[in-house]
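Just below is one structure, and these are the notes that go with it.
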């Protein structure tokens, strides 16, 4: 009899703490990675974006949209596929994807150095 009561108490405590964890958990922000501008390097913009996504996933701070999540929107508008580097274009992309943040940038080869901005 005591064992069943003890098990019931453990179960209630576990349910309580699992509910509290979700209550206090902060909402996860969403982020999409647009293809960066690549200059004087052999890497493709799609590959660079994939590496950026992998690094964002590693830090475990955002829900990262992958290329498949973004595909429908990008296919619908050609401007998002090539040359979407400006703030207004990236903002429109983020609004259509319904994400909190959009990450992009530029990766340039300068001699034997790589500059990331």
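Residue numbers (my numbering): 2 to 118. Beta carbons are placed, not taken as given, at the ideal position from N, Cα and C, and that holds for glycine.
Three-state class that DSSP yields for residue i in the structure shown
i, result
"residue 114", "strand"
"residue 109", "strand"
"residue 44", "coil"
"residue 86", "coil"
Residue closest to residue i, alpha-carbon to alpha-carbon, out of the options
i, options, result
"residue 116", "31, 30, 37", "37"
"residue 86", "57, 63, 107", "107"
"residue 114", "29, 35, 41, 31", "41"
"residue 48", "58, 60, 35, 59", "35"
C-alpha distance - residue i paired with residue j, whole-angstrom precision
i, j, result
"residue 81", "residue 111", "26 angstroms"
"residue 98", "residue 92", "10 angstroms"
"residue 71", "residue 44", "21 angstroms"
Check whether residue i and residue j have beta carbons under 7 angstroms apart
i, j, result
"residue 100", "residue 33", "yes"
Beta-bridge partners of residue i, as assigned by DSSP
i, result
"residue 33", "103"
"residue 58", "BP columns for residue 58 are empty, so no partner."
"residue 51", "None; residue 51 has no bridge partner."
"residue 63", "30"
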